[in-house]
């Protein structure tokens, strides 16, 4: 992980997060994940073929809150120390961190 200033990251989950591990949309729904992503983000085009395989995270709390205000759900704070985190550069949007799995013990609802 190349986060140098903090190990805190943020995720906007669907409303009613169950307190369990966070996994990718594909892990949760299999092949149906592609159509779920397309319905949520119709302007994203082929981006979903990659994005459905990761949990997407914000390093900046303000950006996470802006996204939360836009889509709703539950805003989660993640202690990312010890979690394998990658950096996804989305030319259409922004840079954001990704993970395949976030263990429940690293998550706090805010």
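Numbering (the working numbering), first residue to last: 1 to 110. C-beta: ideal position from N, C-alpha, C; glycine also.
Annotation: the continuous beta strand (DSSP E) that includes residue 13 extends over 8-13. Membership of residue 77 in the beta strand (DSSP E) is indicated by the continuous run 74-79.
Comparing alpha carbon positions, the residue from 14, 24, 28 and 7 closest to residue 70 is 14. With respect to residue 102, residue 52 sits apart: the two C-beta atoms are not nearer than 7 Å. The DSSP-derived three-state label of residue 107 is strand.
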